[in-house]
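*Asks:* My structure is below; once you've seen it, I'll send some questions.
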Amino acid sequence: MTKTLSLILQPFSIVFIIIALIINHWNCGGLFTTCLRNYQIITILLILLFFLGLILLTIAFILELVTICSESLDLNPTYFTIRFIILLCGLLSIISAILIYSLKMDRQFSRLICTIGIVFAIQVSLINIILSPCIHRNHSERIVS
1 MTKTLSLILQ PFSIVFIIIA LIINHWNCGG LFTTCLRNYQ IITILLILLF
51 FLGLILLTIA FILELVTICS ESLDLNPTYF TIRFIILLCG LLSIISAILI
101 YSLKMDRQFS RLICTIGIVF AIQVSLINII LSPCIHRNHS ERIVS
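Under the UniProt record's numbering, residues 1 to 145 are what the sequence shown spells out, in order.
This is the structure:
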């Protein structure tokens, strides 16, 4: 069931990060336009960290998709560890970019902390939905002799 949750959430996270990068509603304007002109070094670092994170998240998602076709890879601890490390490195890259943006350009930590809290709440609710007894039923029956 966790694989289903991962396969649902990973594409959403990738798409939302891409949308956030494209939209011109950063405090400094567009990340690739106004921010790049006004805060050149910091913005280049942010863009590199975001793209590195997106690439690693995409690779982790592709590796997750591969496990659907190959059950042996799904049960392989080395494959799982590599996939998890790639996912974690992508996550750390994107979190680093957001923290650098918050420290150097935005300086609005309340919004960042609130967003992190919302992400945790959404994950908890999705986990509860997917693992709820209404969706995930144990079909084992007792045999009485």
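Just so you know, even glycine gets a beta-carbon here, dropped at the ideal spot from N, CA and C.
Helix, strand or coil: how does DSSP classify Gly90 here?
*Replies:* In the sequence shown, the residue the question calls residue 90 occupies position 90. If DSSP states are grouped into helix, strand and coil, Gly90 belongs with the helices.
*Asks:* Distance, Cα to Cα, Ile98 vs Tyr79?
*Replies:* Position 98 of the sequence shown holds residue 98. Position 79 of the sequence shown holds residue 79. If I take the Cα positions, the gap works out to 29 Å.
*Asks:* Quick check: the stretch 49 to 62 against the stretch 83 to 93, are at least 3 beta-carbon pairs closer than 8 Å?
*Replies:* Yes, the stretch 83 to 93 touches the stretch 49 to 62.
*Asks:* On the three-pair Cβ rule with 8 Å, is the stretch 101 to 109 touching the stretch 30 to 45?
*Replies:* Because the criterion of three Cβ pairs below 8 Å is met, the stretch 101 to 109 and the stretch 30 to 45 touch.
*Asks:* I'd like the list of long-range same chain contacts for Asn4, defined as Cβ closer than 8 Å, with 5 residues on each side in sequence excluded.
*Replies:* Locating residue 4 in the sequence shown gives position 4, counting from the first residue. Sequence inspection shows Thr at residue 4; the Asn mentioned does not correspond to that position. Ile130.
*Asks:* Under DSSP, the alpha helix (DSSP H) around Cys35 begins and ends at which residues?
*Replies:* Here residue 35 refers to the residue found at position 35 when the sequence shown is read from its first residue. That run of the alpha helix (DSSP H) goes Thr34 to Asn38.
*Asks:* Which runs of the alpha helix (DSSP H), 4 residues or longer, sit entirely within the stretch 100 to 137?
*Replies:* Counting only runs of 4 or more, we get 109 to 130.
*Asks:* For Leu46, count the other beta carbons within 10 Å of its own beta carbon; 16 or more makes it buried, fewer makes it exposed. Which is it?
*Replies:* As a first step, residue 46 must be located in the sequence shown, where it is residue number 46. Flag for Leu46 reads buried.
*Asks:* Since I believe Phe50 is in contact with Leu21 (beta carbons under 8 Å), could you give me their beta-carbon distance rounded to a whole number of angstroms?
*Replies:* What you label residue 21 is simply residue 21 of the sequence shown in a count that begins at 1. What you label residue 50 is simply residue 50 of the sequence shown in a count that begins at 1. That belief holds up - the Cβ atoms of Leu21 and Phe50 are roughly 6 Å apart, short of 8 Å.
*Asks:* Measuring alpha carbon to alpha carbon, tell me which residue in Glu71, Thr67 and Ile95 is nearest Arg83.
*Replies:* The residue you call residue 83 lines up with position 83 of the sequence shown. If we check each option's Cα against that of Arg83, Thr67 comes out closest.
*Asks:* Assuming Leu65 contacts Ile17 under a Cβ cut-off of 8 Å, what Cβ separation, rounded to an integer in Å, is found between them?
*Replies:* For the purposes of this step, residue 65 is taken as residue 65 along the sequence shown, with counting starting at 1. For the purposes of this step, residue 17 is taken as residue 17 along the sequence shown, with counting starting at 1. Incorrect: roughly 18 Å between the Cβ atoms, too far for contact.
*Asks:* Which residues does DSSP pair with Gly30 in a beta bridge?
*Replies:* In the sequence shown, counting from the first residue as 1, residue 30 sits at position 30. In DSSP, Gly30 forms no bridge with anything.
*Asks:* List, from N- to C-terminal side, the alpha helix (DSSP H) runs of 4 residues or more that fit wholly inside the stretch 42 to 99.
*Replies:* Fully enclosed alpha helix (DSSP H) runs of 4 or longer: 71 to 74.
*Asks:* State the DSSP-derived secondary structure class of Ile17, mapped to helix, strand or coil.
*Replies:* Within the sequence shown, numbered from 1, the residue matching residue 17 stands at position 17. DSSP places Ile17 in helix when its eight states are reduced to three.
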